[in-house]
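All remarks here apply to the structure that follows.
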Amino acid sequence: MKAYMQRMGRSLMLPVATLPIAALFMGIGYWIDPTAWGANNILAAFLIKTGGTILDNLGILFAVGLAIGMSKDKDGSSALAGLVAFLTPITLVSSSSVALFTGQETVNVAFEAINNKNVFIGILAGLIAAAMYNRFSQVKLPMALAFFSGKRSVPIVTAGVMAVVSALLIFVWPPVYNALVSFGGMISGLGAVGAGLYGFFNRLLIPTGLHHALNNVFWFNLAGIDDIGKFWASEGIKGVTGMYQAGFFPVMMFGLPAGALAIYRSARPEKKKEVASLMIAAAFASFFTGVTEPLEFSFMFVAWPLFVVHAFLTGISLFIAATFQWTAGFNFSAGLVDFVLSLRVPIANQPLMLLVLGLVMAVVYYFTFMFVIKKFNLMTPGREESSPEDFENEETIAAGDDKFAVMAGRLYEALGGIDNITSIDNCTTRLRLQVKDTSLVDQDMIKKTGVPGQKLIDATNYQVIVGTEVQFVADALAQLHGQPVKTTGAYNPSQPEAVEIAKKQEIYSVANGTVIPIEEVNDDVFSNKMMGDGFAVIPTNGDIFAPIAGKVLSVFPTKHAVGIQTASGIEVLLHMGIDTVSLNGEPFTVYIEEGQQIARGQLIATVDLQALEEANRSNDMIVIFTNGDLVEDLEINTGDSLANEVIGSVESK
C-alpha cells in the first residue's frame, strides 16, 4: 500500500506541475480588476480565463495524469481511458441526469459538486482507468471481436466499470454530502473552536472534494452565515464577520511556503535542484494567489501524515485568528492579492495582526515539517530512495536524434563500450555504471561532453553526474548497449554504418547461487528443452538480474516470467521458479515494464524465496533461449556463481 501511494503521489506531479502558472494568471488578472473579475478590463478577463482553463478543469487533469502515471507502460491509450472514466460519472451523476433518472424537477444540491473541478472524481477515475489498462491492455478476444482486443478494449471496459461506480455515487454521494453540511451547521455555533474545527476539516477533506460541503455552510448563505458575502458587503459584526476566512491567510501566505522550504531542505542532495523548481513555483503561487494545490498535492499522498499535520495547523491558525478577532476576507483565495484588497473593507478588524500570526506560523510550519519528515522518514518530494521502480520509462531516444543521443554515444565510447560496461543504471541526476575496469574509463573525454561532474567509486563502479535529464541519456546508453557502437574513432551519429549488431553476447548469472544445466531442472518441459536450450540458477537470495541486454517483450500478469529480445533477435525467457504461475504474482516484485530497454546485469525483480518454499515450489531461476533457430552457439559454465558474473555467451546466426 505504501508503495502504491508513493507511486500515486509521483503520478500526481504531472497535473500538479501545471497549477502554479494557472494560479499566477488568475491572481494577476484579479489584481488588475478586483471588483468585476475582468468585466472592466480585457487583459484581466483574458488572464483570469486563461488560468481558469486549468483550475476549472482540475478533475480532468487529475484523471488523465493519474491514468497515464499509474499505467504499467505510460501508453497514451491509458490517458484516453482516464478521460472516459472521468466523463462517465460527470455525465451520469450530474444534476440534470439525476433529475431525468428520478423524474424530479429539482434534486439534492450535492450533485452540483460533481463537475469538472471535482478532484475526488478525477483521482477515482484515474486510478480505475489505470487498473483497467494494466489488466486488459493485453487481452486477446476471439477473431470476430479482434478489432476490440488489447488497448482498444480498455476504454470500453473502463466505461462499464465507471457506469457501475456512477450508479453507486448517485446513492452514496448525497448522504455523505448532507452529513458534512449538518456537521458544519453544528460546529458553526462553537465560536472560535468551531472556526478551528472548520479549518481542520476544510484541509482534511480536500482529497475527496467534499470540503466544498463545509465551505457552503460557512462561506455562503446555505446556513445563514454567508461569511464571504457579508465581509465584502461590510455587514455583520466587526471582529466576527470574516472569522472563517482570516485564519487561512497566515497558512497560505506564510505557513505553506515555509513548509515548502522544509521539504526542500529535507530532499536528498542530488534531488534538491529538481525539488527546488517545484517548491519555489508552488510556494509563490500559495503566497501570491492563495492557490495551494501545487504544494498540497506534492505531499498529500506520498506523505499523508504530514498532510494531517498541515490540516491540524490550519485549524490552529483559524482558532487563534477567531479568538483574537483578527479578520480579513477573500473573494478568490487567501493570498497576498486578496489580503491587500481586504484592507480597504471597513469591517476588517486588525488585519495586519494576521501578518504577525503568519510569521509565527511560518516558524511553526518549518520546524514541525522538518521534525515530522525526518522523525517518521516520510517520502516527501526528493526523499524517495532510488530504486528501479523510480526510473520512469521515458520515450526511447534513437542515436543521432538529439543532444542526449550524441552525449550518450560519446559517453559510451569514453566508458569503454561493450568491452568494458557491464551495467547501466541511474538515479534522479546521475548515471550509475558498473564496468569491468574503471582504469579504462577516459575521464578527459567524459569531461569534454559537458557533464557537471564524474565520480570514481571503486575498481568496477563509476558515476557520471548529468542532471535532471539523466533519464534520457540513460535510455540512449541502454539502447547503445543493446546495439553496441564501434569505439574506434570519434563518435559520429550521422553515420549509420557506425552501429553494428553484436552477434556474440555475454550471458550473466541472474542471481547469486549455483548455475546448473537445463537438463537438471526438475520439470520435463524445461529439462527436455521443449521450449529451448538454456540454464538455471539455484539462488541464495531473491535479487534477480537481467541475463542479457535487450528489450522487454513481455511481463507476465502473474509476474513469474519475463520475455526479453536481444538486438540480434534472440528471444530469452526468464522463468522464476517452477509451477509458480498459480501464486498470482505474490512472491514477485518486478521492476521493469513491457517495451523497456534493459541492460545486462540490471536488477529486474526480487523474489520472496521463503514464500516459494512455504508454497512448496522449486526456486530454480530458469533462462531459456526460445527461438533456437537463431542461435548459432550457446556456451554456459556451470557451478557456483555471483549475480552479474559472466557465465557464458550466446552467438546468433
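Heads up, the sequence shown is in numbering that gives the first Met the number 0, so the first residue is 0 and it goes up one at a time.
Glycine is no exception: its CB is placed at the ideal position from the N, C-alpha and C atoms.
Whole angstroms is fine: what's the gap from L340's alpha carbon to D474's? 51 Å
Residue of V118, P556, I155, T539 minimising C-alpha distance to G64: V118
Thinking T379 and M406 are a contact (beta carbons under 8 Å), I'd like their distance in whole angstroms, please. The pair is not a contact, with the Cβ atoms about 31 Å apart (cut-off 8 Å).
Is DSSP giving M12 helix, strand or coil here? helix
From T90 to F24, what distance separates their C-alpha atoms? 29 Å
CB-CB under 8 Å to S316, same chain, minus the five flanking residues each way: which ones, in chain order? G198, G246, F247, P249, V250, G254, L356, M360
For G243, count neighbouring C-beta atoms within 10 Å of its own C-beta (all shown protein chains included) and say buried if the count is 16 or more, exposed if not. Checking the sequence, you will find Tyr at residue 243 rather than Gly. Label assigned to Y243: buried.
Taking contact to mean 3 or more Cβ pairs, one atom from each stretch, closer than 8 Å, check whether the region 622-637 and the region 590-609 are in contact. no
Expected contact under 8 Å - CB spacing of I537 and G549 to nearest Å: With 8 Å as the limit, I537 and G549 do not qualify as a contact, their Cβ atoms being about 24 Å apart.
One question on the structure: do Y507 and R431 come within less than 9 Å of each other, judged by their Cβ atoms? no
Exposed or buried, which one is L179 when buried takes at least 16 other CB atoms within 10 Å? buried
C-alpha gap between A647 and R6, whole angstroms: Inspection of the sequence shows that residue 647 is occupied by Gly rather than by Ala. If you take the alpha carbons of G647 and R6, they lie about 37 Å apart.
In the region 73-131, which residue ranges form an unbroken beta strand (DSSP E) of at least 3 residues, counting only runs that do not cross its ends? none
DSSP three-state call for P350: helix, strand or coil? coil
Under 8 Å by Cβ, that's how I've got T326 and T240 pegged, so tell me the actual separation to the nearest angstrom. 7 Å
Environment of M299 [buried if 16+ CB atoms lie within 10 Å]: buried
Cα-Cα separation between L140 and F286, rounded to whole angstroms: 54 Å
Neighbourhood of G121 by C-beta distance below 8 Å, restricted to the same chain and skipping five residues each side: L57, G58, I59, L60, F61, A62, L65, F85
Check whether the region 101-116 and the region 36-50 are in contact - that is, three or more C-beta pairs closer than 8 Å. no
Span separating the alpha-carbon of V571 from that of I597: 13 Å
Chain-order list of residues whose beta-carbon lies under 7 Å from that of D400 (same chain, five-residue window excluded): Only weak support exists for where D400 lies, its pLDDT of 40 falling under 50; the coordinates are left without a value.
Mapping the DSSP letters down to three states, classify S553 as helix, strand or coil. strand
Rounded to the nearest angstrom, what separates T207 and Y176 at their Cα positions? 11 Å
Cβ pair D619, V520 closer than 9 Å: yes
Let me know the secondary structure DSSP gives D441 once reduced to three states. coil
Cα-Cα separation, G51 to P19: 12 Å
In terms of alpha-carbon separation, which member of N511, M530, A130, S93 lies closest to F170? S93
Alpha-carbon spacing of Y164 relative to N115, whole angstroms: For clarity, residue 164 is Val in the given sequence; the question names Tyr instead. Roughly 17 Å separates the two Cα atoms.
Using three-state DSSP, classify V651 as helix, strand or coil. The question names Val, but residue 651 in the sequence shown is Ser. Three-state DSSP puts S651 in a strand.
Sequence-distant residues of its chain with Cβ nearer than 7 Å to I569 (five each side left out): F624, N626, L629, V630, V649, S651
Between the CA atoms of G183 and L611 - distance to the nearest angstrom: 53 Å
Taking A284 and A22 to be in contact with their CB atoms under 8 Å, please state how far apart those CB atoms are, rounded to whole angstroms. 4 Å
I need the straight-line Cα distance from L294 to G26, nearest angstrom please. 17 Å
For Q478, count neighbouring Cβ atoms within 10 angstroms of its own Cβ and tell me buried if that reaches 16, exposed if not. buried
Return the chain-ordered list of same chain residues with a C-beta closer than 8 Å to the C-beta of D457, the five sequence neighbours on each side being excluded. T437
Same chain, Cβ closer than 6 Å to A212, neighbours up to 5 away in sequence not counted: Y176, L179, V180
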